[in-house]
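S.K.: Letter by letter, the sequence shown follows residues 3 to 506 in our numbering. Beta carbons are placed, not taken as given, at the ideal position from N, Cα and C, and that holds for glycine. This is the structure I want to talk about, given as structure tokens.
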Amino acid sequence: MKPVSIIPAPRRVTPGKEPLPSFSRLIPEANADAEGELRVFREQLPELFESPSLPEALQLRIELSPGGNANNEETYSLSLSPTGIMVRSPGTKGLYHGLQSLRQLLLAGREEGGRWTLPCLEIDDGPRFSWRGFMLDCSRHFYSLSFIKKAIDAASLHHLNVFHWHLTDDQGWRLPVKGYPLLTEIGAFRHDSKTTWQDLVVGGFYTHEEIREVVRYAAERHVEVVPEVDLPGHASAILAAYPNLGCTGGPYRVEDRYGIFEDVLCAGNDDIFPFFAAVFDTLSELFPSKYVHIGGDEVKFNRWKECPKCRSRLAELKLGETHRLQSWITVRLANMLEDRGKTPIGWDEVLEGTEVLGLPKDMIVMSWRGQEGGIEASRRGHRVIMTPLTEGCYLNFNHLDSPEEPGHLETATVAKSYAMDPAAPGMSSGEEALILGGQCNLWSEVIYASRIAEYMLFPRMGAIAEGLWSPREIRSLESFKERLPAYGKVLDALDLTHYRGPLQ
Numbered sequence: 003m004k005p006v007s008i009i010p011a012p013r014r015v016t017p018g019k020e021p022l023p024s025f026s027r028l029i030p031e032a033n034a035d036a037e038g039e040l041r042v043f044r045e046q047l048p049e050l051f052e053s054p055s056l057p058e059a060l061q062l063r064i065e066l067s068p069g070g071n072a073n074n075e076e077t078y079s080l081s082l083s084p085t086g087i088m089v090r091s092p093g094t095k096g097l098y099h100g101l102q103s104l105r106q107l108l109l110a111g112r113e114e115g116g117r118w119t120l121p122c123l124e125i126d127d128g129p130r131f132s133w134r135g136f137m138l139d140c141s142r143h144f145y146s147l148s149f150i151k152k153a154i155d156a157a158s159l160h161h162l163n164v165f166h167w168h169l170t171d172d173q174g175w176r177l178p179v180k181g182y183p184l185l186t187e188i189g190a191f192r193h194d195s196k197t198t199w200q201d202l203v204v205g206g207f208y209t210h211e212e213i214r215e216v217v218r219y220a221a222e223r224h225v226e227v228v229p230e231v232d233l234p235g236h237a238s239a240i241l242a243a244y245p246n247l248g249c250t251g252g253p254y255r256v257e258d259r260y261g262i263f264e265d266v267l268c269a270g271n272d273d274i275f276p277f278f279a280a281v282f283d284t285l286s287e288l289f290p291s292k293y294v295h296i297g298g299d300e301v302k303f304n305r306w307k308e309c310p311k312c313r314s315r316l317a318e319l320k321l322g323e324t325h326r327l328q329s330w331i332t333v334r335l336a337n338m339l340e341d342r343g344k345t346p347i348g349w350d351e352v353l354e355g356t357e358v359l360g361l362p363k364d365m366i367v368m369s370w371r372g373q374e375g376g377i378e379a380s381r382r383g384h385r386v387i388m389t390p391l392t393e394g395c396y397l398n399f400n401h402l403d404s405p406e407e408p409g410h411l412e413t414a415t416v417a418k419s420y421a422m423d424p425a426a427p428g429m430s431s432g433e434e435a436l437i438l439g440g441q442c443n444l445w446s447e448v449i450y451a452s453r454i455a456e457y458m459l460f461p462r463m464g465a466i467a468e469g470l471w472s473p474r475e476i477r478s479l480e481s482f483k484e485r486l487p488a489y490g491k492v493l494d495a496l497d498l499t500h501y502r503g504p505l506q
């Protein structure tokens, strides 16, 4: 059987016996509880619904079936037969996924002259992992609201359900925080002469209304928006706005360089904690998600070693080693989030320096430097999200090792991204049970335009999505290759720039 042109691959497909005739429009019918999913689907494919005078209509039935629970609310069945189309699920999330699979089939089967062709088949489908995400770095490059929405919609087409929004870093702070106006007045902008022909001030920030609009838009597509504020390192934008929060007092600037910098928030300064509280209060107000990512990566400790306040703090806490101050800050941050009903997430560096204070039990570890951090975290009993740069998850890497390709640092071919599996070899069943899933990441140091971002995302986002959704036993790179021509037609229809070269 020729693979059905859906990415990620459904877990079970049964071909039909009769051909499905082409049609010009759909006549929809839905449960009252599914009207939101139908409305979004109609917005995504308006040409299928806007011409009631066209002949050859096909019935589309969307049905919320009883018996839903947390374990199967994302499962769905999709039936395409000469009598019509049926999407059925125990939950609205599953209905949305079923409609997105139908959307892919429709876009791949669109004909000239306003006609549509679909295969006759039955699909039974559901996810392998609960966390299926993608991260967009809006600090290094400030992406527009329209592009963020476009990316979220594309992610939902692939059954991804988490948008990890990287809002702060050395190169810009994008979140207005009550009581700290200089974060956006100063910290959101930088001088940039590297990507333009003249020295310009670049940057910006998202208003509270714009953030709520992103959250609303994503929720309609059953995508959870998880914010990240990077603490206590990657803090140049914070320190440029509030130099009193650093060890030296400055001068500091919002960085136009890329890398890891010496200046971090001062671990010996109690003023950092009211700042954290204000930031977390803002995040709690704007983001319904139960998760907040606190960063915690690439913290340098030289300033803490030299700072009298930090040395005093270290002695007071009897921690011994300077780097253990990060563990102390991490515990404080985690407790502050838990007081606000949030679950903290940190990059895998939060596992380090924890010999004295430990790591809060509910802390989720996002493993990025490889799978080793995730393996270690699961052995300690922590839940894990896998996103190893060594396994094709970093989509700012070049598609090919070629000077003609955009991107930087390393190479992550489509084939390498496809091979990524969140469950690392050698894990016990208990350790594997703690793997929530994984995600792909787009860091934007050199991705200074949304069209370049699209080129970097696709089709590798689809490759990663298949590893997060489809059962391991049905996955096949050869099958993925066979589906790419139809998938390319879908991306073209959605005006998404994408890589078309060899997979390797």
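(1) Who pairs with ALA32 in a beta bridge, going by DSSP?
(2) Between LEU66, LEU459, SER81, which lies nearest to LYS19 when the distance is taken from Cα to Cα?
(3) Report the three-state DSSP secondary structure of MET368 (helix, strand or coil).
(4) Taking 8 Å as the limit between beta carbons, can you name the residues of its chain near GLU308, skipping five residues before and five after?
(5) PRO461 and HIS500 look like a contact to me (Cβ under 8 Å); what is the Cβ gap, rounded to whole Å?
(6) Between which two residues does the alpha helix (DSSP H) carrying GLU39 extend?
(7) Quick one: any contact between the stretch 146-154 and the stretch 93-101, if contact means 3 or more CB pairs under 8 Å?
(8) Look at the alpha carbon of GLY297 and the alpha carbon of CYS442, and state the distance between them as a whole number of angstroms.
(9) Should VAL203 be listed as close to the ligand MG, given that the test is whether its C-beta is under 6 Å from any heavy atom?
(10) With burial defined as no fewer than 16 other Cβ atoms inside 10 Å of the residue's Cβ, what is the status of SER79: buried or exposed?
(11) Could you compute how far the alpha carbon of ASP265 sits from the alpha carbon of ALA239?
(12) Starting from the Cα of LEU361, find the closest Cα among HIS160, ILE274, VAL352 and give me that residue.
(13) Does the Cβ-Cβ distance between ASP194 and PHE263 come in under 7 Å?
(14) Spatial neighbours of SER446 within its chain, please: C-beta separation below 8 Å, excluding the five flanking residues on both sides.
(15) Below 8 Å on the Cβ atoms is my guess for GLN328 versus PRO234; work out the distance and round it to an integer in Å.
(16) At the level of alpha carbons, what is the spacing between ILE87 and GLU31?
(17) For THR268, name the three-state secondary structure that DSSP assigns.
(18) Quick one: residues in its chain with C-beta nearer than 7 Å to the C-beta of LEU169, no 5 flanking neighbours on either side, listed in chain order?
(19) Applying the criterion that 16 or more other CB atoms from any shown protein chain within 10 Å of the CB defines a buried residue, is ALA435 buried or exposed?
(20) What do you reckon, are the CB atoms on VAL227 and TRP167 nearer than 7 Å?
(21) Give me, in chain order, the residues of the same chain whose beta-carbon lies closer than 7 Å to that of ALA488; leave out the 5 immediate sequence neighbours on both sides.
(22) Look up ASN443 in the DSSP assignment and give the residues it is bridged to.
(23) In its own chain, which residues sit with a C-beta less than 7 Å from the C-beta of GLY503, not counting the 5 before and 5 after it?
(24) Looking at VAL179 and ALA280, is the spacing between their C-beta atoms short of 7 Å?
(25) Is DSSP giving PRO346 helix, strand or coil here?
(26) In angstroms, rounded to a whole number, what distance separates the CA positions of PHE282 and ASP350?
(27) For the stretch 388-395 against the stretch 422-429, do three or more pairs of beta-carbon atoms, one drawn from each stretch, fall closer than 8 Å, so that the two count as touching?
(28) If you drop the 5 nearest sequence neighbours on each side, which residues of the same chain put their C-beta closer than 7 Å to that of ARG385?
(29) Tell me whether the beta-carbon of LEU22 lies closer than 7 Å to the beta-carbon of LEU120.
(30) Measuring CA to CA, which of GLY69, GLU39, GLU76 is closest to ARG63?
(31) Look up GLY428 in the DSSP assignment and say whether it is helix, strand or coil.
(32) Only counting runs of 3 or more residues, tell me where the beta strand (DSSP E) segments fall wholly within the stretch 195-271, in order along the chain.
(33) By the 10 Å Cβ neighbour count, where 16 or more other Cβ atoms means buried, how is GLN61 classified, buried or exposed?
(34) Can you tell me whether SER431 is buried or exposed? The criterion is at least 16 other CB atoms within 10 Å of its CB, across all chains shown.
(35) For a test of the three-state rule: what should DSSP assign to LEU82, helix, strand or coil?
(36) Around the Cβ of ARG259, are there at least 16 other Cβ atoms within 10 angstroms (buried) or fewer (exposed)?
M.R.: This is what the structure gives:
(1) Start at 1 with the first residue of the sequence shown, and residue 32 comes out as number 30. DSSP, once it has assigned bridges, lists ILE64 as partnering ALA32.
(2) On the sequence shown, residue 19 is found 17 positions in, with the first residue counted as 1. Nearest C-alpha to LYS19: SER81.
(3) Reading the sequence shown from its first residue, position 366 is the one you call residue 368. Strand.
(4) The residue you call residue 308 lines up with position 306 of the sequence shown. CYS249.
(5) Position 459 of the sequence shown, counted from the start, is the residue given in the question as residue 461. Position 498 of the sequence shown, counted from the start, is the residue given in the question as residue 500. About 6 Å; that satisfies the 8 Å criterion.
(6) Here residue 39 refers to the residue found at position 37 when the sequence shown is read from its first residue. Start and end: 37-46.
(7) no
(8) In the sequence shown, residue 297 corresponds to position 295, counting from 1. In the sequence shown, residue 442 corresponds to position 440, counting from 1. When rounded, the distance between both Cα atoms is 16 Å.
(9) As presented, the structure is devoid of all ligands, the ligand MG included, so that no description of it is given.
(10) Against the sequence shown, residue 79 aligns to sequence position 77. Its Cβ being crowded by 16 or more others within 10 Å, SER79 is buried.
(11) In the sequence shown, the residue the question calls residue 265 occupies position 263. In the sequence shown, the residue the question calls residue 239 occupies position 237. Taking the straight line from one Cα to the other gives about 11 Å.
(12) For the purposes of this step, residue 361 is identified with residue 359 of the sequence shown, where counting begins at 1. Cα-wise, what sits closest to LEU361 is VAL352.
(13) Here residue 194 corresponds to residue number 192 of the sequence shown, with the count starting at 1. Here residue 263 corresponds to residue number 261 of the sequence shown, with the count starting at 1. No, the Cβ-Cβ distance between ASP194 and PHE263 is not below 7 Å.
(14) Position 444 of the sequence shown, counted from the first residue, corresponds to residue 446. The answer, listed in chain order, is LEU138, ASP139, CYS140, SER141, ARG142, HIS143, TYR145, ASN398, ALA455.
(15) Here residue 328 refers to the residue found at position 326 when the sequence shown is read from its first residue. Here residue 234 refers to the residue found at position 232 when the sequence shown is read from its first residue. At roughly 7 Å, the Cβ-Cβ gap stays under 8 Å, so GLN328 and PRO234 are in contact.
(16) Here residue 87 corresponds to residue number 85 of the sequence shown, with the count starting at 1. Here residue 31 corresponds to residue number 29 of the sequence shown, with the count starting at 1. Looking at the two C-alpha atoms, the distance is approximately 10 Å.
(17) Position 266 of the sequence shown holds residue 268. The question names Thr, but residue 268 is Cys in the sequence shown. Coil.
(18) The sequence position of residue 169 within the sequence shown is 167, counting from 1. Counting only Cβ-Cβ distances below 7 Å, and skipping sequence neighbours, we find CYS140, SER141, ARG176, LEU177, PRO229, GLU230, VAL231.
(19) Counted from its first residue, the sequence shown places residue 435 at position 433. ALA435 comes out exposed.
(20) For the purposes of this step, residue 227 is taken as the residue at position 225 of the sequence shown. For the purposes of this step, residue 167 is taken as the residue at position 165 of the sequence shown. In contact: VAL227 and TRP167 (Cβ atoms closer than 7 Å).
(21) Working through the sequence shown from its first residue, we reach residue 488 at position 486. Correct list, in chain order: SER7, ALA110.
(22) Translated into positions along the sequence shown, residue 443 becomes position 441. MET137, TYR396, per the DSSP bridge assignment.
(23) In the sequence shown, counting from the first residue as 1, residue 503 sits at position 501. So the list reads HIS401, LEU402, once near-sequence residues are dropped.
(24) For this step, residue 280 is matched to residue 278 along the sequence shown. For this step, residue 179 is matched to residue 177 along the sequence shown. Yes. Within cutoff.
(25) By 1-based counting over the sequence shown, the position of residue 346 is 344. Strand at PRO346.
(26) One-based indexing of the sequence shown puts residue 282 at position 280. One-based indexing of the sequence shown puts residue 350 at position 348. Their Cα atoms are separated by approximately 21 Å.
(27) yes
(28) Stepping through the sequence shown from its first residue, residue 385 is reached at position 383. If we look at ARG385 and ignore the five residues flanking it on each side, its Cβ neighbours are ILE366, LEU436, LEU438.
(29) Within the sequence shown, the letter at position 20 stands for residue 22. Within the sequence shown, the letter at position 118 stands for residue 120. Yes, they are a contact pair.
(30) Here the question's residue 63 lines up with position 61 in the sequence shown. Comparing Cα positions, the closest option is GLU39.
(31) Stepping through the sequence shown from its first residue, residue 428 is reached at position 426. In this structure, GLY428 counts as coil in the three-state DSSP scheme.
(32) 202-205, 226-233
(33) Counting from one through the sequence shown, the residue named residue 61 turns up at place 59. Label assigned to GLN61: exposed.
(34) Locating residue 431 in the sequence shown gives position 429, counting from the first residue. It is exposed - the Cβ of SER431 has fewer than 16 other Cβ atoms within 10 Å.
(35) Counting from one through the sequence shown, the residue named residue 82 turns up at place 80. Strand, per DSSP.
(36) If you number the sequence shown from 1, residue 259 lands on position 257. The residue is exposed, with fewer than 16 neighbouring Cβ atoms inside 10 Å.
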